[in-house]
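To convert a position in the first sequence, counted from 1, into this note's numbering, add 1.
The structure appears below as structure tokens.
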Amino acid sequence: MSILEELKWRGLVADCTDETELTKKISAPITLYCGFDPTADSLHVGNLVPLLALRRFQLLGHFPIAVAGGATGSIGDPSGKTQERQLLTKEILDRNIASVKVQLAKLLDFETKKNPARLVDNASWTQNISYLDFLRDIGKHFSVNQMVAKESVRARMEDREVGISYTEFSYMLLQAFDFMVLARDQNCELQIGGSDQWGNITAGIDLCRKKLGKTVFGLTLPLITNADGTKFGKTEAGAIWLDPKRTSVYKFYQFWINTDDRDVIRYLKFFTFLSREEIESLEKQHTENPGARIAHKALAKEVCHLIHGDNATVGVMLASDVLFGGSVEKISEEDFNEIAGEVPTKEIEKSKLDGAGIPLVELLVHAGLCQSKGQARKDIEGGGVNINNVREASATRSVTSNDLLFGKHILLRKGKKNYVVVTARRNGAA
RNA sequence: GGUAGGUUACCCAAGUGGCCAACGGGGGCAGACUGUAAAUCUGCUGGCUUACGCCUUCAAUGGUUCGAAUCCAUUACCUACCA
């Protein structure tokens with residue numbers, strides 16, 4: 002199966018330039034690139050689709066280049082944004098690039114002899130070019146009339162409230178310049194990106210033709226949407242990040258497990274490397290018995306494995322199985338200690354549990370499950386709070402050492418799926 | 001620059017002197033039903049309090065009043081029409 006067929010089957014082609022030509026081109030290995038702007042110190046699940054697409058190309062023998070946007074990131078892409086962006090400081094940008102590079106490196110293969118991936122920073126060729134040279138060599142090839150017509154710019158021009166700065170307006174030129182440099186120096190012939198990148202990509206294609214007389218291609222990946230109309234990858238608490246320091250592995254796993262039924266098969270295609278046969282088999286099982294959630298589990302396991310590796314995945318799977326398996330009462334001490342590190346955990350000084358103990362409402366706030374004591378009280382009265390998986394209806398209840406499991410832990414739950422393990426530690430211990 | 005109108009909680013939006021911590025909708029949280037779904041139904045949704053209640057909020061500041069989101073003045077921002 003060619004890469005194009007593969008992507009199409011997965012529903013990963015939103016748009017594509019000259020498909021017939023590209024199909025011919027792609028029958029032999031080609032070099033392609035995708036850019037990632039370091040807007041934060043971690044990528045999030047929304048970046049995953051293009052990143053995994055690069056890898057899909059690599060697996061089928063093509064040469065992927067991941068471009069870290071040191072230059073473009075310092076400008077800010079107006080695509081898909083309704084507001085002018087705050088520019089990042091140089092220090093933040095440097096830090097972001099460093100961490101994003103590490104994440105990019107993890108998902109591509111740089112070691113293989115056959116078609117190793119490359120990672121470059123577009124600052125390396127943008128930094129030393131002078132403004133005048135850029136205007137003369139690159140700017141001359143762009144018509145403002147055309148630029149203004151591009152969706153990303155037009156949307157902002159029509160909104161008199163926010164407008165668009167000259168800086169962001171110029172973003173397109175920088176990205177087009179990237180494509181041209183890569184086409185010229187690395188023989189890169191294809192750029193991929195999210196569907197909001199279409200305008201930037203075609204700008205690059207035009208530039209390559211004018212400047213190099215070369216025909217290059219563009220392919221965009223669809224914007225992922227949830228079946229309920231909400232934005233993919235965002236929860237109330239914020240984005241789901243790839244960095245476990247920002248989004249714990251447990252939360253990451255839970256995010257995928259909680260995928261809407263209607264989305265799960267699509268997401269298996271988007272986010273995993275499972276084969277067509279495997280996914281079709283999962284789809285069959287899912288349709289026959291959605292309650293078993295086999296597809297959800299496969300999705301969560303695969304993506305978690307991809308991002309966080311084997312050990313972490315095994316850990317959170319165990320934790321999730323135990324907590325949601327139905328029989329938390331019968332949990333063994335060994336298992337409990339195992340999962341204590343996986344689910345959100347808070348410590349408390351053991352002495353606070355002595356005697357009368359600590360009011361439950363305070364403990365809930367301390368554990369971060371409730372925003373305020375008043376809210377905690379309401380949650381308890383509404384029947385939403387469980388201690389060691391036993392519903393607690395009394396808002397005046399205190400928690401004491403008697404509630405400790407294995408003399409060490411208290412399992413708090415708010416609602417159906419918000420668990421926190423509170424671990425008692427001896428006074429003075431760190 | 002002129003004139004008219006606006007600024008209310010996470011968002012939209014009612015309220016034009018006391019019955020206002022403030023109608024309604026959305027979102028969120030929780031409960032029931034389930035499968036850690038979806039849909040539906042129910043409760044909650046400023047803080048403190050076991051509770052009576054207390055405290056802080058209706059753009060900002062100052063004022064009138066026994067009493068202000070509501071009236072007056074000033075400031076800031078926004079919208080529309082005119083220049």
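Ideal Cβ placement from N, Cα and C applies to all residues, glycine included.
For Leu413, which residues of its own chain have a beta-carbon under 8 Å away from its beta-carbon, when the five flanking residues on both sides are left out? Taking the first residue of the first sequence as 1, we reach residue 413 at position 412. Excluding residues within five positions, the ones whose Cβ falls inside 8 Å are Leu364, Leu365, Ala368, Leu370, Val386, Asn387, Ile388, Tyr420, Val421, Val422 and Val423.
Segment limits, alpha helix (DSSP H) that includes Cys305: The residue you call residue 305 lines up with position 304 of the first sequence. It spans Ile295 to Phe325 - the alpha helix (DSSP H) in which Cys305 sits, taken as one unbroken run.
Given a threshold of 16 other Cβ atoms within 10 Å of its Cβ, counted over all protein chains shown, does Phe180 qualify as buried or as exposed? Translated into positions along the first sequence, residue 180 becomes position 179. Classification for Phe180: buried.
Given Phe256, which residues of its chain have a CB within under 6 Å of its CB, disregarding the five upstream and five downstream residues? In the first sequence, counting from the first residue as 1, residue 256 sits at position 255. So the qualifying residues of the chain are Ile241.
For His63, name the three-state secondary structure that DSSP assigns. As a first step, residue 63 is located in the first sequence; it is residue number 62 there, counting from the start. Coil at His63, not helix or strand.
Can you give the beta carbon distance from His297 to Val265, rounded, assuming they're within the 8 Å contact cut? Against the first sequence, residue 297 aligns to sequence position 296. Against the first sequence, residue 265 aligns to sequence position 264. So it is a contact: roughly 6 Å between Cβ atoms.
Am I right that Glu334 and Phe407 are in contact with their C-beta atoms under 8 Å? What's the rounded C-beta distance? Numbered from its first residue, the first sequence carries residue 334 at position 333. Numbered from its first residue, the first sequence carries residue 407 at position 406. The pair is a contact, with the Cβ atoms about 5 Å apart (cut-off 8 Å).
Are Val317 and Gly358 close, meaning C-beta to C-beta below 7 Å? Within the first sequence, residue 317 is the residue found at index 316, counting from 1. Within the first sequence, residue 358 is the residue found at index 357, counting from 1. Contact: no.
In angstroms with no decimal places, state the Cα-to-Cα distance between Glu7 and Gly375. Here residue 7 is taken as the residue at index 6 of the first sequence, counted from 1. Here residue 375 is taken as the residue at index 374 of the first sequence, counted from 1. Roughly 54 Å between the two C-alpha positions.
Please return the same chain residues whose Cβ sits closer than 6 Å to the Cβ of Asp336, not counting the five positions on each side in sequence. Residue 336 sits at position 335 when you count from the first residue of the first sequence. Closer than 6 Å at Cβ, skipping near neighbours: Val323.
Could you tell me how far apart the beta carbons of His63 and Ile98 are, in whole angstroms, since I believe they sit closer than 8 Å? Counting from one through the first sequence, the residue named residue 63 turns up at place 62. Counting from one through the first sequence, the residue named residue 98 turns up at place 97. Incorrect: roughly 25 Å between the Cβ atoms, too far for contact.
Reducing DSSP to helix, strand and coil, say where Glu334 ends up. Position 333 of the first sequence, counting from 1, holds the residue named residue 334. Looking at Glu334 - three-state DSSP - the assignment turns out to be helix.
Rounded C-alpha distance that separates Val68 from Leu33: Translated into positions along the first sequence, residue 68 becomes position 67. Translated into positions along the first sequence, residue 33 becomes position 32. Between Val68 and Leu33, the C-alpha separation is close to 10 Å.
Does the beta-carbon of Leu213 have 16 or more other beta-carbons within 10 angstroms, so that it is buried, or is it exposed? By one-based count along the first sequence, residue 213 stands at place 212. Counting Cβ neighbours within 10 Å, Leu213 comes out exposed, since fewer than 16 surround it.
Could you check the C-alpha separation between His45 and Leu136 for me, to the nearest Å? As a first step, residue 45 is located in the first sequence; it is residue number 44 there, counting from the start. As a first step, residue 136 is located in the first sequence; it is residue number 135 there, counting from the start. Each residue's Cα considered, the two are about 34 Å apart.
If you drop the 5 nearest sequence neighbours on each side, which residues of the same chain put their C-beta closer than 7 Å to that of Leu175? For the purposes of this step, residue 175 is taken as the residue at position 174 of the first sequence. Cβ neighbours of Leu175 beyond the five flanking positions: Ala72, Thr73, Ile76 and Thr127.
Taking Cβ positions, are Gly200 and Glu152 nearer each other than 7 Å? On the first sequence, position 199 is the one that residue 200 refers to. On the first sequence, position 151 is the one that residue 152 refers to. Yes. Within cutoff.
Can you find at least 3 beta carbon pairs, one from the segment 180-191 and one from the segment 225-239, that sit closer than 8 Å? no
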